[in-house]
Amino acid sequence: FPLATEKEKEDEQFAKKYLENFYDFKEEKNSLFKSKNLNHMAEKIREMQSFFGLEVTGELNHKTLDMMKKPRCGIPDIRS
Amino acid sequence: YSTFPQSPRWKKEEVTYRILNYTPDMLQADVEEAIARAFQLWSSVTPLRFTRLYNGQADIMISFAAGFHGDFYSFDGPGGTLAHAYPPSNGIGGDAHFDEDENWTKFTTYNGFNLFLVAAHELGHSLGLGHSAVFGALMYPIYMARDTRDFRLSQDDIDGIQVLYGPPRESPVLPTKAFPPQNPTEMTSAEAPTEMSPREEPTETTPSKTPTRPQDCDPHLTFDAITTLRGETLFFKGSYVWRKSPYFSDVEHDTISSFWPSLTAGFDAAYEVDKKDQVLFFKDDQYWAVSGYSIEAGFPKPIQNLGFPTSVRKIDAAVHDQNTKKTYFFVGDKYWSFSENTQSMERGYPRKIAADFQGIGHTVDAALQKNGLFYFFHGSNQYEVDIKSKKLIRIMKSNSWFNC
Chain A
1 FPLATEKEKE DEQFAKKYLE NFYDFKEEKN SLFKSKNLNH MAEKIREMQS FFGLEVTGEL
61 NHKTLDMMKK PRCGIPDIRS
Chain B
1 YSTFPQSPRW KKEEVTYRIL NYTPDMLQAD VEEAIARAFQ LWSSVTPLRF TRLYNGQADI
61 MISFAAGFHG DFYSFDGPGG TLAHAYPPSN GIGGDAHFDE DENWTKFTTY NGFNLFLVAA
121 HELGHSLGLG HSAVFGALMY PIYMARDTRD FRLSQDDIDG IQVLYGPPRE SPVLPTKAFP
181 PQNPTEMTSA EAPTEMSPRE EPTETTPSKT PTRPQDCDPH LTFDAITTLR GETLFFKGSY
241 VWRKSPYFSD VEHDTISSFW PSLTAGFDAA YEVDKKDQVL FFKDDQYWAV SGYSIEAGFP
301 KPIQNLGFPT SVRKIDAAVH DQNTKKTYFF VGDKYWSFSE NTQSMERGYP RKIAADFQGI
361 GHTVDAALQK NGLFYFFHGS NQYEVDIKSK KLIRIMKSNS WFNC
């Protein structure tokens with residue numbers, strides 16, 4: 001796969017933080033299987049896209065990032 | 001809409017709040033007005049009543065802070081997270097925190113966040129609501145700048161909060177517009193304060209335990225303040241209001257918070273400036289102006305703004321003479337005359353009450369003008385005075401307006 005650009009890495013970090021804050025995403029830091037985290041994150045992206053009525057793709061596309069960057073309330077949208 | 005897990009809610013209808021600090025972005029009065037209006041949104045669709053405290057522990061503590069501010073959810077600088085609030089419970093429960101790194105404003109411009117909108121959202125959380133996925137609902141998590149002048153909760157917001165607290169009680173409705181000015185007419189028997197003669201004294205009711213609201217015809221009933229309001233007359237004592245309308249014979253019983261949730265009980269004085277459709281309430285060394293339900297922006301103000309010396313820390317009573325456009329303020333054994341036209345105290349005041357009002361040789365608890373005559377209340381008596389001749393006409397029981 002092409003190396004993720006710096007910008008994409010930043011976006012991914014931002015999205016991870018967002019999903020942790022508002023969608024109860026918990027990254028397994030020492031998981032041996034990177035893909036497991038990716039799947040888990042994709043699942044949380046789908047939850048967030050569904051909440052905001054975006055197309056549910058599980059991918060961190062432009063519209064999803066845009067929505068994540070809008071000023072908002074600090075209370076989670078989904079909580080355990 | 002959504003609620004928090006286990007749907008925490010306040011197990012009472014009287015909820016208190018306290019503003020712990022202010023943002024330097026706005027006038028304090030504008031912050032207070034935004035917060036009060038935000039509470040009014042929720043009290044208008046539930047039985048909840050909100051009382052502002054000025055010290056001690058309130059249910060909902062409101063504060064501005066940046067970055068780490070003592071809870072687990074640090075703020076993130078400008079943009080991003082604007083504020084957060086905790087669901088009902090004791091301690092931090094109910095508290096609302098606003099990110100001081102944002103630019104707060106009372107306007108709906110694009111270079112700042114409207115405090116009323118964000119506060120109304122956060123107080124939804126303080127009352128137990130979670131986020132709504134309905135675009136346009138107040139509890140939608142993303143900030144949306146919009147016109148706040150006639151802001152209404154969405155049906156989704158109302159449905160959600162009423163799941164927790166139910167609909168409002170049959171709340172009293174203030175007249176929506178100034179009644180046609182009352183021409184001084186002969187009072188009908190129902191309206192005229194009846195002169196108490198011994199045989200008419202109401203039978204002494206000795207309730208088994210003192211009711212929280214004094215009985216209408218309790219011969220010892222006294223009042224804190226009395227005012228007209230759009231043709232009606234409101235009598236205040238503690239947090240209670242007796243409301244007398246020329247259109248209905250019986251007296252309506254309300255509480256101050258059912259009309260003005262953010263005003264604290266225990267007024268010292270009140271009067272109406274009919275031409276401005278404005279009522280002013282006085283408590284200690286501050287005063288508020290209301291028009292109908294809404295508290296006018298920029299209040300409370302210090303009573304010194306009216307021209308009182310700093311030695312005056314509170315007033316006893318006030319009454320506006322609709323004919324001369326003068327307002328009389330009573331403090332101890334003296335009174336002032338304030339010109340509503342020039343908005344200033346008249347020269348030569350204060351004067352002794354006893355010197356100008358024959359027969360009123362004591363302090364005045366409350367004062368009222370009705371149909372051209374003045375009524376000065378002292379303890380459980382009221383003194384009817386012809387203001388032109390300043391002559392005492394008769395003395396009656398304070399509650400003689402309640403058809404006892």
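So the sequences go chain by chain: A and B.
Sequential numbering of the first sequence, starting at 1, is according to the numbering used here.
Sequential numbering of the second sequence, starting at 1, is according to the numbering used here.
Note that CB positions come from ideal geometry on N, CA and C, so glycine has one too.
Whole-angstrom C-beta distance between residue j and residue i, which should lie under 8 Å
i, j, result
"B:G128", "B:R9", "4 Å"
"B:W242", "B:D216", "7 Å"
"B:S380", "B:P219", "6 Å"
"B:T233", "B:L138", "About 37 Å; that fails the 8 Å criterion."
"B:F374", "B:V385", "5 Å"
"B:T255", "B:T51", "Not quite, the Cβ-Cβ distance comes to about 10 Å (not below 8 Å), so this is no contact."
"B:I62", "B:Y17", "6 Å"
"B:F236", "B:F248", "Between B:F248 and B:F236 the Cβ distance is about 19 Å, and since that is not below 8 Å, they are no contact."
"B:V45", "B:I161", "6 Å"
"B:H84", "B:H97", "6 Å"
"B:P87", "B:E102", "Between B:E102 and B:P87 the Cβ distance is about 23 Å, and since that is not below 8 Å, they are no contact."
"A:R79", "B:P5", "7 Å"
"B:S258", "B:R49", "7 Å"
Within chain B, partners of residue i - CB distance below 8 Å
i, result
"A:R72", "G80, T81, L82, P141, I142, Y143"
Nearest-angstrom Cα separation, counted from residue j out to residue i
i, j, result
"A:L38", "A:F25", "11 Å"
"A:P71", "B:V118", "11 Å"
"B:T291", "B:D277", "It is Ser, not Thr, that sits at residue 291 of chain B in the sequence shown. Taking the straight line joining both Cα atoms gives about 6 Å."
"B:R313", "B:F376", "21 Å"
"B:K325", "B:K275", "9 Å"
"B:V15", "B:N403", "34 Å"
"B:T23", "B:F64", "6 Å"
"B:P47", "B:E13", "6 Å"
"B:N21", "B:L115", "14 Å"
"B:P141", "B:D30", "24 Å"
"B:Q155", "B:L27", "32 Å"
"B:T228", "A:C73", "43 Å"
"B:K391", "B:I303", "30 Å"
"B:R152", "B:L41", "8 Å"
"A:E28", "B:Y165", "40 Å"
"A:T5", "A:E12", "11 Å"
"B:V163", "B:D157", "10 Å"
"B:T327", "B:A355", "18 Å"
"B:E191", "B:A270", "With a pLDDT of only 34 at B:E191, under the threshold of 50, the placement of this residue in the model should not be trusted; the figure read from the coordinates follows. Whole-angstrom Cα-Cα distance: 21 Å."
"B:G130", "B:H121", "10 Å"
"B:F179", "A:S50", "For B:F179, the predicted model reports a pLDDT of 37, less than 50, meaning its position is unreliable; a value from the coordinates is still stated below. The alpha-carbon atoms of B:F179 and A:S50 are separated by roughly 53 Å."
"B:L306", "B:R149", "29 Å"
Beta-carbon neighbours of residue i, restricted to chain A and to distances below 7 Å
i, result
"B:Y73", "G74"
"B:H121", "C73"
"B:H69", "Under the 7 Å cutoff, chain A gives no residues; its nearest Cβ is about 11 Å from B:H69."
Minimum C-alpha distance to residue i - residue among the options
i, options, result
"B:K352", "B:G94, B:S337, B:P214", "B:S337"
"B:S126", "B:D95, B:F113, B:N111, B:Q382", "B:D95"
"B:G91", "B:Q57, B:E122, B:A65", "B:Q57"
"B:D284", "B:R394, B:D316, B:A29, B:W42", "B:D316"
"A:V56", "A:T5, A:A42, A:D11", "A:A42"
"B:K106", "B:S239, B:N323, B:A34, B:A83", "B:A34"
"B:A36", "B:F248, B:P261, B:A145", "B:P261"
"B:M396", "B:A225, B:H378, B:G298, B:S132", "B:H378"
"B:D408", "B:K11, B:Y240, B:Y335", "Past the edges of chain B, shown from 1 to 404, lies residue 408 of chain B, and the structure says nothing about it."
"A:I75", "B:E32, B:Y143, B:Y293, B:S43", "B:Y143"
"B:Y335", "B:F281, B:A297, B:A366", "B:A366"
"B:F406", "B:K370, B:R394, B:A318", "Because chain B spans 1 through 404 in this model, residue 406 of chain B falls outside it and cannot be assessed."
"B:R347", "B:F308, B:V331, B:N323, B:K370", "B:F308"
"B:L123", "B:G361, B:F39, B:D150", "B:F39"
"B:T109", "B:D250, B:D147, B:F75", "B:D147"
"B:E340", "B:T310, B:F72, B:F329", "B:F329"
"B:F75", "A:N61, A:Y18, A:G58", "A:Y18"
"B:Q322", "B:Q358, B:L306, B:K370", "B:K370"
"B:S311", "B:D150, B:P350, B:G359", "B:P350"
Neighbouring residues, chain A, relative to residue i (Cβ below 9 Å)
i, result
"B:A85", "C73, G74, I75"
"B:H125", "C73, I75"
"B:F135", "F52, G53"
"B:H362", "Neighbours of B:H362 on chain A: none; closest Cβ ~56 Å, over 9 Å."
Proximal residues of chain A, C-beta to C-beta of residue i below 8 Å
i, result
"B:F113", "P71"
Return the residues of the segment 42-73 of chain A that lie within a Cβ-Cβ distance of less than 9 Å from chain C, sorted by chain order.
The structure shown contains no chain C; its protein chains are A and B.
Can you check the segment 112-163 of chain B for any alpha helix (DSSP H) of at least 4 residues that lies completely inside it and give the ranges in chain order?
DSSP runs (the alpha helix (DSSP H)) wholly in the segment 112-163 of chain B: 115-126.
Whole alpha helix (DSSP H) elements within the segment 38-75 of chain A, 4-residue minimum
Within the segment 38-75 of chain A, the alpha helix (DSSP H) runs of at least 4 residues that lie entirely inside it are, in chain order, 62-68.
Extract the residue ranges of the beta strand (DSSP E) inside the segment 215-266 of chain B, only unbroken runs of 3 or more that lie entirely within it.
If we require 3 residues or more, the beta strand (DSSP E) runs fully inside the segment 215-266 of chain B come out as 225-229, 232-237, 240-244, 252-255.
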